[in-house]
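Quick note: the sequence shown uses the working numbering, first residue 301, plus one each step. We put the CB at the ideal spot given by N, CA and C, even for glycine. Given the structure is predicted, the values throughout are model-derived calculations rather than measurements.
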Amino acid sequence: TTPVSKITENIRILNQRNNIDTPPVVLLATGAFSPIHDGHVSMLEKARHSLELVGRTVVGGYISPSHDKYVSHKYKNTFSLNSAERIHLCQQKVADSPWLMVDPWESLYNLTDTTYTDVIRRLYQYLVANISFPKGLDIFYVFGGDNAPFCRLFVDQGNCVCVARH
Numbered sequence: 301t302t303p304v305s306k307i308t309e310n311i312r313i314l315n316q317r318n319n320i321d322t323p324p325v326v327l328l329a330t331g332a333f334s335p336i337h338d339g340h341v342s343m344l345e346k347a348r349h350s351l352e353l354v355g356r357t358v359v360g361g362y363i364s365p366s367h368d369k370y371v372s373h374k375y376k377n378t379f380s381l382n383s384a385e386r387i388h389l390c391q392q393k394v395a396d397s398p399w400l401m402v403d404p405w406e407s408l409y410n411l412t413d414t415t416y417t418d419v420i421r422r423l424y425q426y427l428v429a430n431i432s433f434p435k436g437l438d439i440f441y442v443f444g445g446d447n448a449p450f451c452r453l454f455v456d457q458g459n460c461v462c463v464a465r466h
């Protein structure tokens, strides 16, 4: 269900250059994305840039649209797009990106909504089962400054990037 082609290609290129000294990084952003907009993509681009400034190599990134149950609760009685529509719009938005992809697992392959920590855990397990990472793999959860208190949740375990909103 989760595409890996952009990650495998980026790792192949890095291996040819002997350019992987630390575990490569995959970014993950979850949310309603109803609809996705340039700010969402910009947030991931800024997170990538920040990590590269400190010597990390980002080989891929995922946008994970949330389950319809979460979105309908979030938007209550207002209009929101269903998961198929949100996934389609997200795929269109990142189609030309050499590193960003859409992971439909959270919204299509669960009976109900799930936590972002479950999405992180599942993505990690899926990637290490399907791609060889000789130096290991780090997943960084990416979110906007409006959710800055999330940073505390990553102190003892996991990685995150909080991107300020302007």
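Return the Cβ separation of residue i and residue j in integer angstroms, given the expectation that the two are a contact with Cβ distance under 8 Å.
| i | j | result |
| --- | --- | --- |
| T414 | E406 | 6 Å |
| T322 | G360 | Between G360 and T322 the Cβ distance is about 15 Å, and since that is not below 8 Å, they are no contact. |
| V304 | I420 | At roughly 16 Å, the Cβ-Cβ gap does not stay under 8 Å, so V304 and I420 are not in contact. |
| T302 | D438 | About 17 Å; that fails the 8 Å criterion. |
Got a sec? Which residues, its chain only, sit under 6 Å from residue i by beta carbon, not counting five neighbours each side?
| i | result |
| --- | --- |
| T357 | P324 |
| I363 | A329, C390 and V402 |
| N459 | D438 and F440 |
Following the continuous beta strand (DSSP E) through residue i, name the residue where it begins and the one where it ends.
| i | result |
| --- | --- |
| L400 | L400 to V402 |
| A329 | V325 to G331 |
| D438 | D438 to G444 |
| S364 | V358 to P365 |
Terminal residues of the continuous alpha helix (DSSP H) containing residue i?
| i | result |
| --- | --- |
| L351 | D338 to L353 |
| N382 | From DSSP, N382 is part of no alpha helix (DSSP H); its letter is neither H nor E. |
| I313 | S305 to Q316 |
| D418 | Y416 to N430 |
| K370 | For clarity, residue 370 is Tyr in the given sequence; the question names Lys instead. Residues D368 to Y375. |
What do you reckon, are the CB atoms on residue i and residue j nearer than 8 Å?
| i | j | result |
| --- | --- | --- |
| L408 | S383 | yes |
| A332 | L344 | no |
| T308 | H367 | no |
| R348 | L327 | yes |
| R465 | G444 | yes |
| V463 | K393 | no |
| V455 | S350 | no |
| K277 | I320 | What is shown of the chain runs 301 to 466, which leaves residue 277 out entirely. |
| Y370 | S334 | no |
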